[in-house]
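Protein chains in written order, with the numbering used here: chain U, 2 to 221; chain A, 2 to 221.
Note that beta-carbon positions come from the ideal geometry of N, C-alpha and C, so glycine has one too.
Just so it is clear, the structure is predicted and the values come from calculations on it, not from any experiment.
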DNA sequence: TAATAAAGTTAGACTAATCTAACAAATAAA
DNA sequence: TTTATTTGTTAGATTAGTCTAACTTTATTA
């Protein structure tokens, strides 16, 4: 059985690997991500290697083994299911769920997580729009849903942005969007994907570039 | 903030004190209850004394301070609310809830527990029939409800027995009772409290001594 | 390509929670 | 009331996870 600390290292490794699109993850980077010193991360890497959870040689590249990856995905599954629970059942707000889920994800009970999944009616995405891996550790490749993927007539809610540049954020504010703002997709041009959206009763035309940079979750 | 380990010591101290009806709790006893060696418990007692959570002098008696007691009750509150959640919402059985609740009780988030309480509709008893302390740390004095306290016409469910003697247990089995068996109180004699109960369609007359030794939870 | 900077590693130390073994105090029994 | 037993305490060691400081390797750049 893994300790919470070990689980956190695996989770960080998986996240960093994904974020960097499978480019190399380094000791310092891992340490920073976990708010520990490089020496600490180095010690843990040796330990995780010993347990066959990471492949790693001195000064060499760090990768999760199949077992390590499966464990990491499983922790993410738990994290996202708990976030969904907190958000949907306990009325936590979007920004409050993370810290509590960080704790809940380390509870050891496979029965608990499968029952929770069922209770939540097998959700596919968490409140941040990130996909929830299934019990086999399968995770949809596209990490979040963008506004571009919402069908005409459907409603959704902004949960994040892909582009963090000032120009783009300014644009976002100009069309009345903030975290959690409800958006309805009114129509979409076949030719150039120019999309007409409705936000707080007002309508705006936005480009494909725009819709691809706004992350959303579907809203009933 | 308290570590899970510290919380467990406080909880054990409170439980042992209650069980022994406020008689002295010793180091060995505490150690046994927590499955550690007396030396370990002794070290922790010093630490808890330093933190003003227990009053304790070398070779002297061990008592929780007001702060310590409040913390301990709060952990019990969390434990019992989680048990109720697992039982009522996730379809855990009566005997499966404890171990998972042991882990969940250490999650740190007052918001979480208050939201959970609300979500469960402010339950008064957990699935074992033990009362759930309120947010102020107030706990009903009677630890569990006995069959003797159930009103005529009401239904309940057996959750435990007070008397564990073979004779009594045999008696219990004879009237068709097991863990979780549904019981209906049909009538009760004013004079000697002889009670007529219905179990699985059959009726039995039982004494006050009997009804006082069967722990129950109310059933809708 | 040699110097410098960045990244990674090692050694040694600390804390929390545990242990064993030895010892001390309090209680029970002869 | 002295001895024996139970109970409680101390000292010293161990493990996981962390740190700092010093050192080594790899990468960058002048």
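What residue range does the alpha helix (DSSP H) around residue i cover?
i, result
"residue 45 of chain A", "39-51"
"residue 14 of chain U", "5-20"
"residue 28 of chain U", "28-35"
Buried or exposed: where does residue i fall if 16 or more other Cβ atoms within 10 Å of its Cβ makes it buried?
i, result
"residue 154 of chain U", "exposed"
"residue 88 of chain U", "buried"
"residue 98 of chain U", "buried"
"residue 106 of chain U", "buried"
"residue 32 of chain U", "buried"
"residue 174 of chain U", "exposed"
"residue 214 of chain A", "buried"
"residue 179 of chain U", "exposed"
"residue 29 of chain A", "exposed"
"residue 73 of chain A", "buried"
"residue 172 of chain A", "buried"
"residue 22 of chain A", "exposed"
"residue 211 of chain A", "buried"
"residue 113 of chain A", "buried"
"residue 111 of chain A", "exposed"
"residue 13 of chain U", "buried"
"residue 44 of chain U", "exposed"
"residue 201 of chain U", "exposed"
"residue 165 of chain A", "exposed"
"residue 191 of chain U", "exposed"
"residue 193 of chain A", "exposed"
"residue 118 of chain A", "buried"
My understanding is that residue i touches residue j, with C-beta atoms under 8 angstroms, so please give their C-beta distance in whole angstroms.
i, j, result
"residue 206 of chain U", "residue 197 of chain U", "6 angstroms"
"residue 146 of chain A", "residue 218 of chain A", "7 angstroms"
"residue 131 of chain A", "residue 85 of chain A", "Actually they are not in contact, since the Cβ atoms of residue 131 of chain A and residue 85 of chain A sit about 10 angstroms apart, beyond 8 angstroms."
"residue 158 of chain U", "residue 93 of chain A", "Wrong, their Cβ atoms sit about 33 angstroms apart, outside the cutoff."
"residue 70 of chain A", "residue 15 of chain A", "7 angstroms"
"residue 203 of chain U", "residue 177 of chain U", "6 angstroms"
"residue 181 of chain U", "residue 95 of chain U", "6 angstroms"
Going by the beta-carbon positions, is the gap between residue i and residue j smaller than 8 angstroms?
i, j, result
"residue 11 of chain A", "residue 65 of chain A", "yes"
"residue 129 of chain U", "residue 161 of chain U", "yes"
"residue 26 of chain A", "residue 63 of chain A", "yes"
"residue 82 of chain U", "residue 121 of chain U", "yes"
"residue 216 of chain A", "residue 163 of chain A", "yes"
"residue 46 of chain A", "residue 60 of chain A", "no"
"residue 68 of chain A", "residue 54 of chain A", "yes"
"residue 109 of chain U", "residue 109 of chain A", "no"
"residue 20 of chain A", "residue 49 of chain A", "no"
"residue 156 of chain A", "residue 184 of chain A", "yes"
Where do the ends of the beta strand (DSSP E) carrying residue i lie?
i, result
"residue 66 of chain U", "Where residue 66 of chain U is concerned, there is no enclosing beta strand (DSSP E), given that its DSSP letter is neither H nor E."
"residue 212 of chain U", "Here residue 212 of chain U belongs to no beta strand (DSSP E); instead the alpha helix (DSSP H) covers 209-212."
"residue 220 of chain A", "215-220"
"residue 1 of chain A", "Residue 1 of chain A is absent from the structure shown; chain A starts at 2 and stops at 221."
"residue 58 of chain U", "No beta strand (DSSP E) holds residue 58 of chain U; DSSP gives it neither H nor E."
"residue 198 of chain A", "196-200"
message = Quick check on the DSSP output: what are the complete alpha helix (DSSP H) runs of length 4 or more inside the stretch 137-188 of chain U, in order along the chain?
response = Here the runs fully enclosed are 167-175.
inquiry  = Just to confirm the assignment: which complete alpha helix (DSSP H) runs, minimum length 4, are found wholly within the stretch 98-125 of chain U?
reply    = You should have 98-105, 111-120.
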